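Read through the structure below, which is laid out as structure tokens, and then see the notes.
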Amino acid sequence: LREQLLTIVEVPSVTQDGVSLTLAANISSLKELEAALSNGAEGVGLFRTEFLYMDRNRFPSEEEQFEVYRSVAQKLNGESLIIRTLDIGGDKQLDYYELPEEENPFLGFRAIRFSLERKDLFKTQLRAILRASYYGDVQIMYPLITSVDEIREANEVLAEAKRELTEEGIAHRSDIKAGIMVEVPAAVAIADLLAEEVSFFSIGTNDLIQFTLAVDRMNEQISHMYEPYHPAILRMIRTVTNAAKAQGIPVSICGEIAGDVNALPIWLGLGIEELSLSAQAILPVKESMLRTRASDSRKLLEEMFRCKTAGEVRALANQFHAEAA
Ligand code: PEP
Ligand code: MG
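Using full-length UniProt numbering, read the sequence shown as starting at 250 and increasing by one per residue.
Written out as structure tokens, the structure reads:
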């Protein structure tokens, strides 16, 4: 089966009726980039930079980060690279930096909140990303955004980093795109407002499901309640997609659910144009795409929106996939 899949590495990801969906990769290291490329990834939709910070006993310098970001950008040969700024906290800790003990770490001091508190560290990372942007189509993504204020505050630090680099005569792209992860229900509710402030949305379903359903993504006792096909989740993704389209900005899905072949008609039905997946999920999803019609997906999605339970949605998704096989 794996060998069969490898025959479609170079085949464009287009449905039977000619709708294309970019299949980019989620990576957290140069090694994962290799795996992504050998699976035919069309760019990187989510570079999780945490591991660069977790892999050592101190914060990585601008130079260390720049080297890694530039290498990834160069290996992508002009395809886009979305670098997410540090998403530390929650389940991801640093040995060398004591984060406060928290009752609810996922609701705590993490991600963009950490960066906006430690602007020195944030600016170092932004400078490294800006410098790498000279070597490819590099874009910036802020995690865990809950308000317009956070975007503006982050963009101020970005503007300052650009000013510094310009003054120092260091090459970078001053028109770099900055987008956000939509992964908190508040961000969904104000998606129309956020869309006016950013260049793109990427929906982080891992956190969005956790926060929407109030189900800790790490808690095994309630893992059966962690339900990507919950009608609430479908509606949230639709809201975000519509807000992005109204504003004319791209929207992609970068949570684990993007790699579920059964979920494919949801993205096609909504008219989403990009998924970002773990390397091993790229070819199975592409294989599914090649057998699917976007027009059938749209009809299926209408039916899904009439379902009242996750079980009903899931059953429709499974049946659709089985019939296309
Ligand atoms: C997400 O929350 O869906 C996501 C892609 O980010 P992470 O899993 O790193 O929190
Ligand atoms: Mg997340």
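Quick reminder that beta carbons are idealized off the backbone N, C-alpha and C, glycines included.
Model, not experiment: these values are computed from the prediction.
DSSP lists Val263 as the beta-bridge partner residues of Ser269.
With a threshold of 8 Å, the Cβ atom of Thr454 counts as near ligand 1, since some heavy atom of the ligand is closer than that. Going by DSSP, Ser501 is part of the beta strand (DSSP E) stretching over 500-502. Taking C-beta atoms as the reference points, Pro477 and Ile458 count as a pair closer than 9 Å.
Taking Tyr475 as the centre and dropping the five residues before and after it, the same chain places the C-beta of Ile458, Gln459, Leu462, Val464, Arg466 closer than 8 Å to its C-beta, in chain order.
Taking non-hydrogen atoms of ligand 2 into account, the C-beta of Asp336 is found less than 8 Å away from one of them.
Within the same chain, Gly338, Gln342, Phe358 come within 7 Å of Leu348 by CB-CB distance, once the 5 residues on both sides are set aside. The beta carbon of Leu365 sits closer than 6 Å to the beta carbons of Glu402 from its chain, once the five residues preceding and following it are set aside; these are given in chain order. In this structure, the straight-line span from the alpha carbon of Gly267 to that of Ala273 is close to 19 Å. The beta carbon of Asp336 sits closer than 6 Å to the beta carbons of Glu299, Ala360, Pro392 from its chain, once the five residues preceding and following it are set aside; these are given in chain order. When only Cα atoms are considered, Ala290 and Val260 end up about 11 Å apart. Distance between Glu352 and Gln253, taken at the CA atoms: about 48 Å. Residue environment: Asn326 is assigned as exposed (fewer than 16 neighbouring CB atoms within 10 Å of its CB, all protein chains considered). Distance between Ser448 and Leu414, taken at the CA atoms: about 22 Å.
The residues Tyr384, Gly385, in chain order, have a CB closer than 7 Å to that of Gln323 in the same chain once the five nearest residues on each side in sequence are set aside.
Taking 3 residues as the shortest admissible run, the segment 374-434 contains the following complete beta strand (DSSP E) segments, listed from N- to C-terminal end: 387-391, 427-431. The straight-line gap separating the alpha-carbon atoms of Ala507 and Asp304 is approximately 27 Å. With a cut-off of 8 Å on Cβ pairs, the segment 308-319 is not in contact with the segment 428-447, counting fewer than three such pairs.
In the structure shown, Lys341 adopts extended strand secondary structure according to DSSP, grouped into three states. Residue burial annotation: Phe554 is exposed, with fewer than 16 other C-beta atoms found within 10 angstroms of its C-beta.
With 16 or more other CB atoms across the displayed protein chains lying within 10 angstroms of its CB, Leu519 is buried. The nearest non-hydrogen atom of ligand 2 is less than 8 Å from the C-beta of Glu432. Rounded to whole angstroms, the gap between the alpha carbons of Ala566 and Leu295 is 26 Å.
Residue burial is scored here from C-beta neighbours: Ile429 has at least 16 other C-beta atoms within 10 angstroms and is therefore classed as buried. Secondary structure of Arg367 (DSSP, three-state): coil. Of the residues Ser278, Asn288, Thr334, Asp344, the one whose Cα lies closest to the Cα of Ser320 is Ser278. Considering only Ala435, Leu526, Asn404, the residue with the shortest C-alpha distance to Ala427 is Asn404. At a Cβ-Cβ threshold of 9 Å, Glu523 and Leu270 count as neighbours.
DSSP, reduced to helix, strand and coil, places Ser527 outside both helices and strands of the structure shown, so it counts as coil. In terms of Cα proximity to Asn511, the closest of Ala528, Val500, Glu536 is Glu536. Pairing Leu286 with Val258, the inter-Cα distance amounts to about 9 Å. Linking Ala410 to Asn455 through their CA atoms gives a straight-line distance of about 31 Å.
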